[in-house]
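J.: Take a look at the following structure, please.
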Amino acid sequence: VQLQASGGGLVQAGGSLRLSCAASGIIFRLNDMGWYRQAPGKRRELVASISRRYSTDYADSVKGRFTISRDNAKNTVYLQMNSLKPEDTAIYYCNIGTSVAHNYWGQGTLVTVSS
Numbered sequence: 003v004q005l006q007a008s009g010g011g012l013v014q015a016g017g018s019l020r021l022s023c024a025a026s027g028i029i030f031r032l033n034d035m036g037w038y039r040q041a042p043g044k045r046r047e048l049v050a051s052i053s054r055r056y057s058t059d060y061a062d063s064v065k066g067r068f069t070i071s072r073d074n075a076k077n078t079v080y081l082q083m084n085s086l087k088p089e090d091t092a093i094y095y096c097n098i099g100t101s102v103a104h105n106y107w108g109q110g111t112l113v114t115v116s117s
């Protein structure tokens with residue numbers, strides 16, 4: 003499995019970013035996918051997930067602000083982040099499923115939200 007996240011950057015509070023994560027080495031369309039984040043000094047957490055049937059779920063902290071989507075033709079999962087807050091600052095990763103107990107995480111993408 004290879005997972006390559008991109009699209010992070012520095013943004014002011016209230017701004018938006020769109021993250022992408024390209025996956026290879028898996029049958030992408032058969033897998034649920036999740037976006038996770040890890041802030042400095044904190045544990046990695048699941049922020050959004052999308053099933054292989056396109057049902058979605060979100061952490062309470064991002065509901066109404068973040069939208070997860072997927073493009074099976076491109077083996078890519080996206081995270082549209084709106085109304086960003088300083089507390090959204092973290093390294094963002096994608097992975098298969100909804101568990102944080104993975105051995106492999108791939109390259110994440112850093113999101114920094116300034117106040």
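Counting from 1 along the sequence shown, just add 2 to a position and that's the residue number in our numbering. No residue lacks a Cβ here, since even glycine has one placed at the ideal position from N, Cα and C. All figures in this text were calculated on a predicted structure; none of them were measured in a lab.
Are the CB atoms of residue 114 and residue 12 within a distance shorter than 9 Å?
T.: Taking the first residue of the sequence shown as position 1, residue 12 is located at position 10. Taking the first residue of the sequence shown as position 1, residue 114 is located at position 112. Yes, the Cβ-Cβ distance between residue 12 and residue 114 is below 9 Å.
J.: Need the endpoints of the beta strand (DSSP E) that residue 78 sits in, please.
T.: Position 76 of the sequence shown, counted from the first residue, corresponds to residue 78. Unbroken beta strand (DSSP E) run through residue 78: 78-83.
J.: So, using beta-carbon positions, are residue 97 and residue 38 closer together than 9 Å?
T.: In the sequence shown, residue 97 corresponds to position 95, counting from 1. In the sequence shown, residue 38 corresponds to position 36, counting from 1. Cβ atoms of residue 97 and residue 38: closer than 9 Å.
J.: With a Cβ-Cβ cutoff of 9 Å, do residue 93 and residue 111 count as a contact?
T.: Locating residue 93 in the sequence shown gives position 91, where the first residue counts as 1. Locating residue 111 in the sequence shown gives position 109, where the first residue counts as 1. Yes, the Cβ-Cβ distance between residue 93 and residue 111 is below 9 Å.
J.: For residue 83 versus residue 21, is the C-beta distance shorter than 9 Å?
T.: Sequence index remark: in the sequence shown, residue 83 carries index 81 (1-based). Sequence index remark: in the sequence shown, residue 21 carries index 19 (1-based). Yes, the pair counts as a contact, with Cβ atoms nearer than the cut-off.
J.: In chain order, which beta strand (DSSP E) runs of at least 3 residues are fully inside the stretch 93-117?
T.: The beta strand (DSSP E) runs of length 3 or more contained entirely in the stretch 93-117 are, from start to end of the chain, 111-116.
J.: Secondary structure at residue 21, three-state DSSP: helix, strand or coil?
T.: As a first step, residue 21 must be located in the sequence shown, where it is residue number 19. Note: residue 21 maps to strand in three-state DSSP.
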